Structures are given as structure tokens and as C-alpha cells.
Amino acid sequence: MKTGLGLAISTLVVISVGMLFAQSGPPSGVTGAAVINSGEAKWQHDTSDPAGSESSVLREDAATGALELFVRYPAGHVFPPHWHSANERIILLEGRMSIQVGGTKKSLEPGGFAYLPAKEIQELACVSSTRCAFYVYWDSKLDFNKVSGN
Numbered sequence: 385m386k387t388g389l390g391l392a393i394s395t396l397v398v399i400s401v402g403m404l405f406a407q408s409g410p411p412s413g414v415t416g417a418a419v420i421n422s423g424e425a426k427w428q429h430d431t432s433d434p435a436g437s438e439s440s441v442l443r444e445d446a447a448t449g450a451l452e453l454f455v456r457y458p459a460g461h462v463f464p465p466h467w468h469s470a471n472e473r474i475i476l477l478e479g480r481m482s483i484q485v486g487g488t489k490k491s492l493e494p495g496g497f498a499y500l501p502a503k504e505i506q507e508l509a510c511v512s513s514t515r516c517a518f519y520v521y522w523d524s525k526l527d528f529n530k531v532s533g534n
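Sequence positions in the sequence shown follow my numbering and run 385 to 534.
Put into C-alpha cells, the structure is as follows:
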């Protein structure tokens, strides 16, 4: 039973990621399918990024502003309470994360998926002793709105 559930979840993740590609078209500047392994991705650290973090833009849709990234954050990194105008999807690749949305706090393990609805306050943290690496997708232009008092 557990194996069947794992296979079903894996299949849903693959279908969901495939649907994301189908809905928004190919990566910016690419005229077809995109296949990018994290080990081959172009990683960068922007000056406004937290120390020890890096990201790789996988795709950006010029029409909608939708954005897909691979990101890495060091162990212990905490994202302050915030919200986005876009829906957010995360697939954890390495580490362990804590995610709190709407007063419910859950752990995300490697291979796990999180959907965070637009305009809902979220708190995330890399709670593993190793870095957290994940795929993240916002379905429209990305913004970062800190919650007052945090």
C-alpha cells in the first residue's frame, strides 16, 4: 500500500510539472523542451540574496511573469512571514523544511510537494542540518510582501 501511494504521488508530481511546462510554454529563449539537471544549472548568488544561498532561473514567461527556479539555502535559513500575489509550488530536492500556512505547520521531506495559495501568509525554514534545495514555481509575477511586525 505504501509503495502504491508513493508511486501515485510521484506520478502526480511528474504530471503537475509537465502541466506547468504545457501551460506557460518553453523556457525564455528556448524554442522547445527544456531539460535541466541541477548539477548542470547556472547557479548564481545575487547581492540581495541571503548569505550562502543561490538560485538558477529555469524559465520565465514574459507574458505572465511566471517564474521557475532551482534554489539552495543553507541549513537553518528562515524565511520571515510573508505572502505572494502568485500561487507558489515547491518540490523539495534536498534537506528538510518546515512550512506553515494558515496556522498549520508541516514538515516537507525530499520528494515532497507544497502548494501555497496566493495571498496566504507563509513561514518557511530549512530545519535540516544540511542545506535545503528545491524547485519553486510562481504562476504569475513574483513579489515578496513581508507581514507587518516581522
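Glycine is no exception: its CB is placed at the ideal position from the N, C-alpha and C atoms. No experiment lies behind these values; they were computed from the predicted model shown.
Item to check | According to DSSP, residues forming a beta bridge with Trp522 | outcome: As a position in the sequence shown, residue 522 is number 138, starting the count at 1. Paired residues: Leu451 and Glu472.
Item to check | Beta-carbon separation (whole angstroms), Leu508 vs Ser482, contact threshold 8 Å | outcome: Mapped onto the sequence shown, residue 508 falls at position 124. Mapped onto the sequence shown, residue 482 falls at position 98. Confirmed, about 7 Å.
Next on the checklist: Can you tell me whether Glu507 is helix, strand or coil according to DSSP?
Outcome noted: Sequence index remark: in the sequence shown, residue 507 carries index 123 (1-based). Three-state DSSP puts Glu507 in a strand.
Next on the checklist: Using only the alpha-carbon positions, how far apart do Glu493 and Ala446 sit?
Outcome noted: Walking along the sequence shown from the start, residue 493 turns up at place 109. Walking along the sequence shown from the start, residue 446 turns up at place 62. Their backbone Cα atoms lie some 32 Å apart in a straight line.
Checklist entry - If you draw a straight line from the C-alpha of Asn529 to the C-alpha of His468, how long is it? => result By 1-based counting over the sequence shown, the position of residue 529 is 145. By 1-based counting over the sequence shown, the position of residue 468 is 84. So the two alpha carbons sit approximately 6 Å from each other.
Checklist entry - DSSP state of Glu424, grouped into three classes? => result For the purposes of this step, residue 424 is taken as residue 40 along the sequence shown, with counting starting at 1. The answer is helix: DSSP assigns Glu424 an H, G or I state.
Next on the checklist: Once the 5 residues before and after His429 are set aside, which same chain residues still bring their CB inside 7 Å of it?
Outcome noted: For the purposes of this step, residue 429 is taken as the residue at position 45 of the sequence shown. Excluding sequence neighbours, His429 sits near Ser437 and Glu438.
Item to check | Residues near Gly487 by beta carbon distance below 6 Å, same chain, minus five either side | outcome: For this step, residue 487 is matched to residue 103 along the sequence shown. Counting only Cβ-Cβ distances below 6 Å, and skipping sequence neighbours, we find nothing.
Checklist entry - Per DSSP, what kind of secondary structure is Phe528 in: helix, strand or coil? => result As a first step, residue 528 is located in the sequence shown; it is residue number 144 there, counting from the start. Of the three classes helix, strand and coil, the one that applies to Phe528 here is coil, per DSSP.
Checklist entry - Where do the ends of the beta strand (DSSP E) carrying Glu493 lie? => result Numbered from its first residue, the sequence shown carries residue 493 at position 109. Note, Glu493: premise wrong, no beta strand (DSSP E); not H, not E.
Checklist entry - Who are Val441's beta bridge partners in DSSP? => result Looking up residue 441 in the sequence shown gives position 57. In the DSSP output, where bridge partners are listed per residue, Val441 has Leu453.
Checklist entry - Going by beta carbon distance, what residues of the same chain come within less than 7 Å of Lys490, once the five residues before and after it are set aside? => result Counting from one through the sequence shown, the residue named residue 490 turns up at place 106. Contacts found: Ile483.
Next on the checklist: Once DSSP output is grouped into helix, strand and coil, what is the label at His339?
Outcome noted: In the structure as shown, the chain begins at 385 and stops at 534. Residue 339 is therefore absent and cannot be evaluated.
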